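Below is one structure; the comments refer to it alone.
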Amino acid sequence: MSTPGYRFLASPRWIGIIVGGIAAMALCAFLAQWQYGRYEERAAANDRVTAAADSEPRALSGVLPAGAALAEDDEWTLVTATGTFDAANQIFLRGRTVDGNTGWEVVVPLKLADGTAVLVDRGWVPQGDKGATQPPDVAPVPSGEVTVDGRIRPSETAMGEIAELNGALQTRRLSPSLIGEALPYPVLDGYMTPDVPEEGFKAIPVPEQRSWQNFAYAYQWWLFAGLIPIGLVILARKEKRGERKEALFGDRVDGDEPVPSGV
8 MSTPGYRFLA SPRWIGIIVG GIAAMALCAF LAQWQYGRYE ERAAANDRVT AAADSEPRAL
68 SGVLPAGAAL AEDDEWTLVT ATGTFDAANQ IFLRGRTVDG NTGWEVVVPL KLADGTAVLV
128 DRGWVPQGDK GATQPPDVAP VPSGEVTVDG RIRPSETAMG EIAELNGALQ TRRLSPSLIG
188 EALPYPVLDG YMTPDVPEEG FKAIPVPEQR SWQNFAYAYQ WWLFAGLIPI GLVILARKEK
248 RGERKEALFG DRVDGDEPVP SGV
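Here it is, written out as structure tokens:
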């Protein structure tokens, strides 16, 4: 008596299983590639931060000319800029979190000789007891011409609005394009954060991208993609064994034992 082979793989049920498995493999491969791309992006960002920390400060005008967008390769570069602070247009960013604590970031435009301005993040202060929309009391900005050294950071996504509230300009996002709507002069793309903040302010930490997480996720999705065909093979072999037993023993009721002929 011949036993069944793998002819069942051509059945509609198994065609559906195989097509579903291939689709699942393709999805896993796509997610693995996406996570690996995120890993490369975050690793490159970490490399830029590290390289900038070891470099000499560059003139702001050489890194970010007026009217130009901040190039990705220049993000986090140490720069130096000279100008005068526009204390009358100081901006308070509410709901900002540092080390798990909610507070304010205080931003002031530094007016440059060419008539433009770059936003300088003075640092972070705790929210205190005044509430979420009442600006904190902070030290006045230095008067006269000043030179600021710090990192040039990319703009945050422009969301919400900037408006005067409780006697001060307030917003939630550090976006030069958004903040520039409330200022009477052009504002450069990107903003500066001094590595050494003024007294009374806490430095804004440099974010560290956890690229290793994306690498681990990519490996995980590739592993899933590799396990799917193995699972299909195991399932097919199991079904083949079941068909072989059915061909050998027919419709024998469970519990019946085969009896040798002639007994």
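Under my numbering, the first residue of the sequence shown carries the number 8, and numbering increases by one thereafter.
We put the CB at the ideal spot given by N, CA and C, even for glycine.
These numbers were taken from a predicted model, which means no experiment stands behind them.
{"Item": "Helix, strand or coil at Asn173 according to DSSP, with G and I counted as helix", "Value": "coil"}
{"Item": "Contact belief for Arg129 with Glu205 at Cβ below 8 Å, rounded distance in angstroms", "Value": "6 Å"}
{"Item": "Where the alpha helix (DSSP H) containing Pro272 begins and where it ends", "Value": "The displayed coordinates of the chain run from 8 to 270. Any statement about residue 272 would go beyond what the structure contains."}
{"Item": "Assigned secondary structure, Glu112 (DSSP; H/G/I helix, E/B strand, else coil)", "Value": "strand"}
{"Item": "Own chain, CB closer than 6 Å to Ala175, minus 5 neighbours either side, in chain order", "Value": "Phe99, Pro142"}
{"Item": "Residues near Ser162 in its chain [Cβ-Cβ closer than 8 Å; skip 5 each side]", "Value": "Leu77, Leu181, Ser182, Pro183, Ser184, Asp196, Gly197, Tyr198"}
{"Item": "Rounded straight-line distance, which links the Cα of Arg248 to that of Met8", "Value": "Note that Met8 has pLDDT 44, beneath the 50 cutoff, so the model's placement of it is unreliable and the number below is only indicative. Looking at the two C-alpha atoms, the distance is approximately 15 Å."}
{"Item": "Cβ neighbours of Phe208 in the same chain (closer than 8 Å, five flanking residues each side left out)", "Value": "Val113, Arg129, Gly130, Trp131, Val132, Val145"}
{"Item": "C-beta contact flag for Leu85 and Ala59 at 8 Å", "Value": "yes"}
{"Item": "Local Cβ density within 10 Å of Tyr192, reported as buried at 16 or more and exposed below that", "Value": "exposed"}
{"Item": "Helix, strand or coil at Ile235 [DSSP, three-state]", "Value": "helix"}
{"Item": "Distance between Thr123 and Pro116 (C-alpha atoms, nearest Å)", "Value": "9 Å"}
{"Item": "Three CB pairs or more closer than 8 Å across the region 9-29 and the region 219-233", "Value": "no"}
{"Item": "Sequence-distant residues of the same chain with beta carbon closer than 7 Å to Asn96, five excluded per side", "Value": "Pro116, Leu176, Leu190"}
{"Item": "C-alpha gap between Tyr46 and Asn173, whole angstroms", "Value": "43 Å"}
{"Item": "Sub-8 Å separation of Lys118 and Thr87 beta-carbons", "Value": "no"}
{"Item": "Range of the contiguous alpha helix (DSSP H) that encloses Gly69", "Value": "67-70"}
{"Item": "Simplified DSSP state of Arg179, which is helix, strand or coil", "Value": "coil"}
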